[in-house]
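J.: So the sequences go chain by chain: A and B. Counting in numbering that gives the first Met the number 0, the final residue of the first sequence is number 142, and the numbers go up one at a time with none missing. Counting in numbering that gives the first Met the number 0, the final residue of the second sequence is number 113, and the numbers go up one at a time with none missing. Built from N, CA and C at the ideal position, the CB exists for glycine as well. All figures in this text were calculated on a predicted structure; none of them were measured in a lab.
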Amino acid sequence: MNQPATQAQGSLGVVELRIPSKAEWVAVARLAVAAVANRLNFSIEDIEDVKLAVAEACTNCIQHAEGSAQIQITCETGPEGLTVRVSDFGHGTRPEGIRPRRTDEPTVGGLGVFLIRSLMDSVEYDVHPDRGTNLVMTKKVAH
Amino acid sequence: MDIKVDVRESKGDMYVVDLNGEIDVYTSPKVKDAIGDLIDKGHYNLVINLEKVRYIDSTGLGVLIGGLKRVREHGGTVNLVCTNPQIKKIFDITGLVKIFGIYDDEDAAMQALV
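(1) When you compare each of V122(A), F88(A), G89(A) and D129(A) to V53(A) by their alpha carbons, which one comes out closest?
(2) Determine, for Q85(B), whether the minimum Cβ-Cβ distance to residues of chain A falls below 8 Å.
(3) Nearest to D114(B) by CA position, among G74(B), G35(B) and L63(B), is which residue?
(4) Could you tell me the alpha carbon to alpha carbon distance between I3(B) and V46(B), rounded to whole angstroms?
(5) What separation, rounded to the nearest whole angstrom, lies between the Cα atoms of A64(A) and T132(A)?
(6) If you check the beta carbons only, do H21(A) and I46(A) fall under 8 Å apart?
(7) Can you check whether the CB of V70(B) is closer than 8 Å to the CB of Y102(B)?
(8) Just reading off the alpha helix (DSSP H) that E79(A) is part of, what are its end residues?
(9) Please work out which residues of its chain come closer than 8 Å, Cβ to Cβ, to R53(B), disregarding the five sequence neighbours upstream and downstream, and give them in chain order.
(10) DSSP on N78(B), reduced to helix/strand/coil?
(11) Looking at the strands, I want to know which residues DSSP matches up with H127(A).
(12) I want to see whether chain A comes within less than 8 Å of S57(B), judged by CB atoms only; does it?
(13) Buried or exposed: where does A111(B) fall if 16 or more other Cβ atoms within 10 Å of its Cβ makes it buried?
(14) Pick helix, strand or coil for E8(B), following the three-state DSSP scheme.
The structure is reproduced here in structure tokens:
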């Protein structure tokens, strides 16, 4: 059943999850991705970073992707780390949904994308007005 | 996943909001309501105790920022109690450490309100 840790870390694994685009399901997504990240040689702090980044991505889908009933989360593990793709099936995220904003003044909103970019090693958006938005983010394992 | 919210009056006109659990897009409205109720009743000096909060995301931060903005309009402020390194890190990287007073214990947070 259980592979030796080194074998699990070196192999490519793909885990897919699809959740309803509703606030009460975001916790399921972040805990599932944390369980996947736990298979790799991440520190607890790195796993917390991944959890938050995935939750922020799902929250963005819920708040900004119009017309999407589902969110798909795909995790790919490999020797270099973890890549997570968060996809909605809406009409494309509105620009305010992916614009990062750090807060030197008290401002509500816009922090999610800033957190994602701060916590992950690479972040790419792919916005299609008719097919939805893909966010692909990677966290590298420290060697 | 849930959040437990307890509100209690402290010395003077200061109120403490104890939060226990995880603050995310699902649970943050409950926190927003509790803080909003206090402000609606004219209480503008608040300590929000995050010591039992295991997780907070941007919607939770947004609720705290919104509360701070409202009390500042009335000359009040919001101080936070937080020692969890992961949560303090979120306040740090978002720059919110410059906006909130963040203290290691409730006494220090209360003292700073006086």
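T.: Straight from the coordinates:
(1) Stepping through the first sequence from its first residue, residue 53(A) is reached at position 54. The residue with the shortest Cα to Cα distance from V53(A) is V122(A).
(2) The sequence position of residue 85(B) within the second sequence is 86, counting from 1. Yes, Q85(B) lies at the interface with chain A (some Cβ there is under 8 Å from its Cβ).
(3) Any property of residue 114(B) remains undetermined from this structure, which presents chain B solely from 0 to 113.
(4) In the second sequence, residue 3(B) corresponds to position 4, counting from 1. In the second sequence, residue 46(B) corresponds to position 47, counting from 1. In the sequence on display, residue 3(B) carries Lys and not Ile. Going by the C-alpha atoms only, they are around 16 Å apart.
(5) The count along the first sequence starts at 1 and reaches residue 64(A) at position 65. The count along the first sequence starts at 1 and reaches residue 132(A) at position 133. Taking the straight line from one Cα to the other gives about 8 Å.
(6) Residue mapping note: residue 21(A) aligns to position 22 of the first sequence, counting from 1. Residue mapping note: residue 46(A) aligns to position 47 of the first sequence, counting from 1. A small correction: the amino acid at residue 21(A) is Lys; His does not occupy that position in the sequence shown. No, the pair does not count as a contact, with Cβ atoms beyond the cut-off.
(7) Within the second sequence, residue 102(B) is the residue found at index 103, counting from 1. Within the second sequence, residue 70(B) is the residue found at index 71, counting from 1. Not in contact: Y102(B) and V70(B) (Cβ atoms no closer than 8 Å).
(8) Here residue 79(A) corresponds to residue number 80 of the first sequence, with the count starting at 1. From DSSP, E79(A) is part of no alpha helix (DSSP H); its letter is neither H nor E.
(9) Against the second sequence, residue 53(B) aligns to sequence position 54. Closer than 8 Å at the Cβ level, and outside the excluded window around R53(B), lie G20, E21 and N83.
(10) Indexing the second sequence from 1 puts residue 78(B) at position 79. If DSSP states are grouped into helix, strand and coil, N78(B) belongs with the strands.
(11) Here residue 127(A) refers to the residue found at position 128 when the first sequence is read from its first residue. The partner list for H127(A) (beta bridge, DSSP) reads G131(A).
(12) As a working mapping, residue 57(B) is identified with position 58 in the second sequence. Yes, contact with chain A.
(13) For the purposes of this step, residue 111(B) is identified with residue 112 of the second sequence, where counting begins at 1. Exposed: under 16 other Cβ atoms inside 10 Å.
(14) Position 9 of the second sequence, counted from the first residue, corresponds to residue 8(B). Three-state result, E8(B): strand.
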